[in-house]
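Novice:
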Amino acid sequence: MTPRTTTVAIVGAGPAGLVLAHLLRRAGVDVAVHERRSRAELEGAARAGVLEHRVVEHLRGLGLADRLVAAGERHGRCEITCLGEKVTVDYGALSGGARHWVYPQQLLVRDLVAAYEADGGTIAFSSPVAAVAADGAGRPVLDTARGELRAAWAVGCEGARGPVAAAFPDGARGPARRYPYDWLTVLARIDRPVGTIRYAVHADGFAGMMPRTAEVGRFYLEVPAGERLDGWDADRIRAGLAHRLGLGGADPVPGELLETGVLRMRGRVAGRLRHGRLLLAGDAAHTVTPSGGKGLNSAVADVVDLAGALLEALGDDGGGGDDGGDGGALEGYQRRRLAAAWRTQEFSDGLLDLLHLPAGLPPEQREFALRLRLERIRRIARPGPEAAAFARAYVGAGELRAEEAGAEEVWAPAQRSTVATGATPR
1 MTPRTTTVAI VGAGPAGLVL AHLLRRAGVD VAVHERRSRA ELEGAARAGV LEHRVVEHLR
61 GLGLADRLVA AGERHGRCEI TCLGEKVTVD YGALSGGARH WVYPQQLLVR DLVAAYEADG
121 GTIAFSSPVA AVAADGAGRP VLDTARGELR AAWAVGCEGA RGPVAAAFPD GARGPARRYP
181 YDWLTVLARI DRPVGTIRYA VHADGFAGMM PRTAEVGRFY LEVPAGERLD GWDADRIRAG
241 LAHRLGLGGA DPVPGELLET GVLRMRGRVA GRLRHGRLLL AGDAAHTVTP SGGKGLNSAV
301 ADVVDLAGAL LEALGDDGGG GDDGGDGGAL EGYQRRRLAA AWRTQEFSDG LLDLLHLPAG
361 LPPEQREFAL RLRLERIRRI ARPGPEAAAF ARAYVGAGEL RAEEAGAEEV WAPAQRSTVA
421 TGATPR
């Protein structure tokens, strides 16, 4: 069988892989997308649901946010409760008008898949990539469920343990942290919509309530690290949520539990995002906790930057020459996105520190720790430089672009030029 060829092979059809495929294909680059899960599994996986202002603005500019804008909800406030006090953080006003969009990730994925196919693109579902190697010229060779695929570049968007990351020296391993607690995650039917994100800083542990749809809410409960789900039945979960969140009155009441799990709380940043013609983006490049809702948003920011860098590299080497393209453009991508990943980790870690008491703190010291946190909560809700900085980082204010002077020039001119590919059918 003659091996298939493409210019850019993308492994993983989550938001990162799909947005990258859209951007490259619109610029005339041949793309092959492989996803290990079936279409039903991919489009049914309930995960994130909060989109940053700048991410939605970028998707809207690409014509990929019509359903999101029509069906999603805007949110510009969150509540943080501590010691019986409920503090409202009006981050929409504090950030200068930017607000979140609430739209479940699985719906966004469905929209991106449908738009990609409507534009003539194809996605290889149920087609895992077993391994990635290099030919004599250093080009990626992918061992896929549909046979061998040769590419000028391969981008891993499939997670830290995916085959592209595994092909890096030392698996692209970088600094990581295991937090001393986990989060029990719950997707539950509710009797009324969640009007506002609520974080509860509580002596018994953190709890969270997040909007998803009018009938379904996402809830979190802090549990000890390594906790097993079988110790938590539905009644215990509902009682824990009501107690820590202080639910009552007009608050949503969790009913049927549609999905429960335990999220192992970890942070990680890859040691590098490029090795020869292999590149990482999204979850393959960094793992960030759900604190602040940065995972999906960071992934999209990665691939917006990567698309511009790849187009510049492809234009300079004529579509994939033996020299590996313009190392400057791709090294710039790596430098910018590693720096951005660490800024994201710092924000997420700081928010976790606010929301959780120190591990192992004796009961008699908890009120002191809670009072310290209440003062910090009041400070980020009060207009001023600290509150504005928190609000802008939280909501993702500003434009989605490369984060260094002059780098925003990369994408626009690259988008206007079509790159020759010489690819064979996928």
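FYI, the numbering for the sequence shown is 1 to 426, going by UniProt numbering. Where is the CB? At the ideal position from N, CA and C, for every residue including glycine. As the structure is a prediction and not an experimental result, all values here were calculated from the model.
Compare the beta carbon distance of Val253 and Ile190 with 8 Å and say whether it is the shorter of the two.
Specialist: Stepping through the sequence shown from its first residue, residue 253 is reached at position 253. Stepping through the sequence shown from its first residue, residue 190 is reached at position 190. Yes, Cβ-Cβ distance for Val253 and Ile190 is below 8 Å.
Novice: Phe347 by DSSP, collapsed to three states: which one?
Specialist: The residue labelled residue 347 in the question sits at position 347 within the sequence shown. Three-state result, Phe347: helix.
Novice: Within 10 angstroms of the Cβ of Phe390, are there 16 or more other Cβ atoms? Answer buried if so, exposed if not.
Specialist: Position 390 of the sequence shown holds residue 390. Counting Cβ neighbours within 10 Å, Phe390 comes out buried, since at least 16 surround it.
Novice: Expressed to the nearest angstrom, what Euclidean distance is found between the alpha-carbon atoms of Ala225 and Val269?
Specialist: In the sequence shown, residue 225 corresponds to position 225, counting from 1. In the sequence shown, residue 269 corresponds to position 269, counting from 1. Using only the alpha carbons, I get a separation of about 21 Å.
Novice: Going along the chain, which unbroken runs of the alpha helix (DSSP H) with 4 or more residues stay wholly within the region 360 to 387?
Specialist: Entirely contained in the region 360 to 387, the alpha helix (DSSP H) runs reaching 4 residues are, in chain order, 366 to 381.
Novice: If you drop the 5 nearest sequence neighbours on each side, which residues of the same chain put their C-beta closer than 6 Å to that of Val223?
Specialist: By one-based count along the sequence shown, residue 223 stands at place 223. Same-chain partners within the cutoff: Asp182 and Leu184.
Novice: Give the DSSP bridge partners of Phe219, in chain order.
Specialist: Residue numbering aside, residue 219 sits at position 219 when the sequence shown is read from its first letter. Per DSSP, Val186 and Met209.
Novice: Apply the 10 Å Cβ neighbour rule to Ala118 and answer buried if 16 or more other Cβ atoms are within range, or exposed otherwise.
Specialist: On the sequence shown, residue 118 is found 118 positions in, with the first residue counted as 1. Exposed.
Novice: Where Arg4 and Ala167 are concerned, what is the direct C-alpha to C-alpha distance, given to the nearest angstrom?
Specialist: Position 4 of the sequence shown, counting from 1, holds the residue named residue 4. Position 167 of the sequence shown, counting from 1, holds the residue named residue 167. Between Arg4 and Ala167, the C-alpha separation is close to 20 Å.
Novice: Check whether the Cβ atoms of Ala284 and Gly174 lie closer than 8 Å to each other.
Specialist: As a working mapping, residue 284 is identified with position 284 in the sequence shown. As a working mapping, residue 174 is identified with position 174 in the sequence shown. Against a cut-off of 8 Å, the Cβ pair of Gly174 and Ala284 comes out as no contact.
Novice: What three-state label does DSSP hand Ala281 in the structure shown?
Specialist: The sequence position of residue 281 within the sequence shown is 281, counting from 1. Reduced to three states, the DSSP call for Ala281 is coil.
Novice: According to DSSP, is Gly231 part of a helix, a strand, or is it coil?
Specialist: On the sequence shown, position 231 is the one that residue 231 refers to. The answer is helix: DSSP assigns Gly231 an H, G or I state.
Novice: Could you say if the region 192 to 208 and the region 225 to 239 meet the contact criterion of at least three C-beta pairs nearer than 8 Å?
Specialist: no
Novice: Quick one: is the Cβ of Pro358 within less than 7 Å of any heavy atom of the ligand COA?
Specialist: The ligand COA is absent from the structure shown, which contains no ligand whatsoever.
Novice: Classify Gly360 as buried or exposed, calling it buried when 16 or more other Cβ atoms lie within 10 Å of its own Cβ.
Specialist: On the sequence shown, residue 360 is found 360 positions in, with the first residue counted as 1. Per the 10 Å Cβ criterion, exposed.
Novice: Quick check on this structure: which residue in Ala21, Glu85 and Val216 has the alpha carbon closest to the alpha carbon of Ala124?
Specialist: To locate residue 124, count along the sequence shown from 1; it is residue 124. Ala124 has its Cα closest to that of Ala21, out of Ala21, Glu85 and Val216.
Novice: Output yes or no for whether 8 Å exceeds the beta carbon distance between His58 and His100.
Specialist: Position 58 of the sequence shown holds residue 58. Position 100 of the sequence shown holds residue 100. No. Outside cutoff.
Novice: Going by the CB atoms, is the gap between Ala250 and Pro15 shorter than 8 Å?
Specialist: Start at 1 with the first residue of the sequence shown, and residue 15 comes out as number 15. Start at 1 with the first residue of the sequence shown, and residue 250 comes out as number 250. Contact: no.
Novice: Starting from the Cα of Glu259, find the closest Cα among Pro358, Gly384, Gly282 and Leu187 and give me that residue.
Specialist: One-based indexing of the sequence shown puts residue 259 at position 259. Glu259 has its Cα closest to that of Leu187, out of Pro358, Gly384, Gly282 and Leu187.
Novice: Quick one: any contact between the region 94 to 109 and the region 73 to 85, if contact means 3 or more CB pairs under 8 Å?
Specialist: yes
Novice: In three-state DSSP terms, what is Glu158?
Specialist: Here residue 158 refers to the residue found at position 158 of the sequence shown. Three-state DSSP puts Glu158 in coil, outside helix and strand.
Novice: Where does Glu52 sit, in a helix, a strand or coil, going by DSSP?
Specialist: If you number the sequence shown from 1, residue 52 lands on position 52. Residue state, collapsed to three classes: coil.
Novice: Can you confirm whether the region 142 to 161 touches the region 24 to 41 when touching is taken to mean that 3 or more C-beta pairs between the two stretches lie within less than 8 Å?
Specialist: yes
Novice: Can you have a look at Arg244 and say buried or exposed, based on whether 16 or more other CB atoms are within 10 angstroms of its CB?
Specialist: The residue given as residue 244 occupies position 244 in the sequence shown. That one is buried.
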